[in-house]
Amino acid sequence: MRYLFGMSLLVVFFNISITTRPASANTCTERQQVCFAYCEKTYKNAPKCRDACSDYLKKCLATGCWESNVTAKRCGFTKQ
């Protein structure tokens, strides 16, 4: 039962992240702003969430790919 509940939460978080991502978030820094908005909406700007967004930005700037705990890996972002 816990497994199903955990999976349900993961699906909800994934769906929220998709709906909060504007279609124009084509750069790593734009994607970070979407991440920050998610932190604000979901976690009331918890420092741990915002720190994670900063870590995801560093990886995106290095690879052009954005991957977080709530979104599937997506590549092709402009590194800026």
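First residue of the sequence shown: 21, per the working numbering; consecutive thereafter. Idealized CB from N, CA, C, for every residue including glycine.
Beta-carbon proximity list for K93, same chain, < 8 Å, skipping 5 on both sides: Counted from its first residue, the sequence shown places residue 93 at position 73. So the list reads C85, W86, E87, once near-sequence residues are dropped.
Starting from the C-beta of T83, find all residues in its chain whose C-beta is less than 6 Å away, skip the five residues before and the five after it, and write them out in chain order. To locate residue 83, count along the sequence shown from 1; it is residue 63. Here T83 has no same chain residue with a Cβ atom under 6 Å from its own Cβ, once five neighbours each way along the sequence are excluded.
Span separating the alpha-carbon of P67 from that of F56: For this step, residue 67 is matched to residue 47 along the sequence shown. For this step, residue 56 is matched to residue 36 along the sequence shown. So the two alpha carbons sit approximately 10 Å from each other.
T47: first and last residue of the uninterrupted alpha helix (DSSP H) it sits in: Here residue 47 is taken as the residue at index 27 of the sequence shown, counted from 1. Segment: none, T47 is in no alpha helix (DSSP H) and carries neither H nor E.
If you reduce the DSSP assignment to three classes, tell me which class T62 lands in. The residue given as residue 62 occupies position 42 in the sequence shown. Helix at T62.
Can you check DSSP and say which residues form a bridge with T98? Numbered from 1 along the sequence shown, position 78 holds the residue referred to as residue 98. T47.
I need the boundaries of the alpha helix (DSSP H) containing K78, first residue and last residue. Your numbering for residue 78 matches position 58 in the sequence shown. In this chain, the alpha helix (DSSP H) harbouring K78 covers 67-83.
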